[in-house]
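Residue numbers for the sequence shown follow the UniProt record's numbering, so the first one is 284 and each next one is one higher. The structure appears below as structure tokens.
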Amino acid sequence: QDGMNAQELGKLLHREPAEIVKKLFMLGVMVNQNQSLDKDTIEILAADYGIEAKEKVHEDLSDLDKIFEKEMKNTDHLVSRPPVVTIMGHVDHGKTTLLDHLRHSHITAGEAGGITQAIGAYQVRHGDNQITFLDTPGHAAFTEMRARGANITDITILVVAADDGVMPQTIEAINHAKAAKTPIIVAINKIDKPDANPQHVTDQLMQYGLVPEKLGGDTIFVNISAKFGKNIDELLDMIILEAEVMELKADPDQPAAGSVIEARLDQGKGPVATLLVQQGTLHVGDPIVAGHTFGRVRTMTNERGREVKKATPSSPVSITGLNEVPEAGDRYVVFDDEKTARSVGEERAKEAQVEERRKTTRVTLDSLFDSL
Ligand code: GDP
Ligand code: MG
């Protein structure tokens, strides 16, 4: 930690820089906040705080969840952010059709003709508003993410086919949304079909506590046809309305923090990860730790494959520059300098290895006992 100044040290130790300077003064070292300190001074100071500087610093910094939570609570300069929406529902009820329709008909202004990349999320423009859609492949990934504490969805769109009604995965989706405490907007789909019976679907959903506003409840229902693009604008209006009620905000001036939506290894580019920015602004060049991986954001592209230099709250971007492939649902945090990012990343990779070994050992022991 050689060369750090009181300001940086204060940040690491969660102390005011002024307190550090004062403490140093008491120890007979006269510095200002920006003057870099030598190793001995830092150690003396750390000893005075009664801790092993390095270890404490590491322990604090390698707890990404804690840093993430702290970042999320930063409220210096809050501005509205677009809602992050997940589309759920029973198989064949029209999720993919709806996502495809949105992707092709509501692309961000000025980017018409761009080829949509499969990056697991994208933003659409609706009037003056943006909406981020997560294109999560099925419920499994969503469940997995939530199980790992990465609750990244603001609003769930529950797609129910008007000719099929409530089915097992419909109920599963309702339960997920309830557990995650995200509001549900019901999209009754396929209303173009002759045997569509939206009233029946509504009656069924009411048994699960989803009561339309006109019947005294607080759930928004929209009848749509994803295939023919009917009432999609109404659906988007309702998403914006719900988002306004929720007063979704973030501080774009912070260093970025958020979650990994998906990641893979690209033959040419190395690890490629889709990140959702949940707090702050992510920049090309930012030192970053994502799950057990670390690096510097080398390139950043949006869902149109267009290079971007920065990404603001609620935007999804695909980045390169990580040393390994992180996992979907991993948290990521941007650090001030690459050195810290590297050491935190390495520390976390080590912890993960130990954990992995412990698990394997346990499994081996279990099977050993089983075979006895
Ligand atoms: P998913 O499994 O929920 O992703 O469902 P898909 O989007 O793959 O749709 C399943 C089938 O329903 C496909 O054949 C779609 O063309 C059809 N479909 C989806 N939405 C509509 C709709 O609004 N009207 C009609 N008639 N068919 C639809
Ligand atoms: Mg599908």
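From the three backbone atoms N, C-alpha and C, an ideal C-beta is built for every residue, glycine too. These numbers were taken from a predicted model, which means no experiment stands behind them.
query, result
"Around the Cβ of residue 352, are there at least 16 other Cβ atoms within 10 angstroms (buried) or fewer (exposed)?", "exposed"
"Which residues does DSSP list as the beta-bridge partners of residue 409?", "412"
"What residues are listed by DSSP as bridge partners for residue 559?", "542 and 599"
"Evaluate the contact criterion for the stretch 357 to 369 versus the stretch 436 to 445: three or more CB pairs, one atom per stretch, below 8 Å.", "yes"
"Can you list, in chain order, the residues of its chain whose CB lies under 6 Å from that of residue 631, leaving out five sequence neighbours each side?", "345 and 575"
"Is it buried or exposed, residue 615, if we count other Cβ atoms within 10 angstroms and call 16 or more buried?", "buried"
"Per the contact definition of three or more C-beta pairs closer than 8 Å, is the stretch 442 to 457 in contact with the stretch 490 to 503?", "yes"
"Is residue 534 closer than 9 Å to residue 357 when the C-beta atoms are compared?", "yes"
"What residues does the ligand MG have around it, judged by CB closer than 6 Å to any heavy atom, in chain order?", "378 and 379"
"With C-beta atoms as the reference, is residue 468 less than 9 Å away from residue 502?", "yes"
"Can you tell me which of 584, 559, 404 and 515 puts its alpha carbon nearest to the alpha carbon of residue 381?", "515"
"Do residue 540 and residue 556 have their beta-carbon atoms positioned less than 9 Å apart in this structure?", "no"
"Counting C-beta neighbours from all protein chains within 10 Å, is the total for residue 585 16 or more, i.e. buried, or is it exposed?", "buried"
"Does at least one heavy atom of the ligand GDP sit under 8 Å from the Cβ of residue 459?", "no"
"Tell me which residue opens and which closes the beta strand (DSSP E) that residue 278 is part of.", "Examination of residue 278 is not possible in this model, given that the chain is present from 284 through 655 alone."
"Looking at the ligand GDP, does it come within less than 8 Å of residue 508, judged from the CB to the closest heavy atom?", "yes"
"Under three-state DSSP, which class holds residue 395?", "Model confidence at residue 395 stands at a pLDDT of 48, short of 50, so the residue's coordinates are unreliable; what they give is reported in the following sentence. In this structure, residue 395 counts as coil in the three-state DSSP scheme."
"Can you tell which of 407, 465, 479 and 299 has the C-alpha that lies nearest to the C-alpha of residue 446?", "479"
"May I have the straight-line CA-CA distance separating residue 451 from residue 609, to the nearest angstrom?", "32 Å"
"Is residue 352 helix, strand or coil when you go by DSSP?", "helix"
"By a C-beta neighbour count over all protein chains shown, 10 Å radius and 16 as the cutoff for buried, is residue 289 buried or exposed?", "buried"
"With a threshold of 8 Å (Cβ to nearest heavy atom), would residue 375 be considered close to the ligand GDP?", "yes"
"Roughly how many whole angstroms lie between the Cα atoms of residue 474 and residue 506?", "7 Å"
"Could you check whether residue 384 and residue 443 sit closer than 9 Å to each other, using their CB atoms as the reference points?", "no"
"Given a threshold of 16 other Cβ atoms within 10 Å of its Cβ, counted over all protein chains shown, does residue 622 qualify as buried or as exposed?", "exposed"
"Return the CA-CA distance between residue 298 and residue 308, expressed in angstroms with no decimal places.", "15 Å"
"If you follow the beta strand (DSSP E) that residue 571 is part of, which residue opens it and which one closes it?", "570 to 573"
"To which residues of the same chain is residue 374 closer than 7 Å at the C-beta, ignoring the five residues directly before and after it?", "452"
"With 16 as the cutoff for other CB atoms within 10 Å, does residue 305 come out buried or exposed?", "exposed"
"Using the Cα positions of residue 625 and residue 402, report the straight-line distance between them to the nearest angstrom.", "26 Å"
"Just checking residue 478 against the ligand GDP - is the residue's beta carbon closer than 8 Å to any of the ligand's heavy atoms?", "no"
"Please list, in chain order, all residues of the same chain as residue 363 whose beta carbon is under 7 Å from its beta carbon, the five residues on each side excluded.", "531 and 532"
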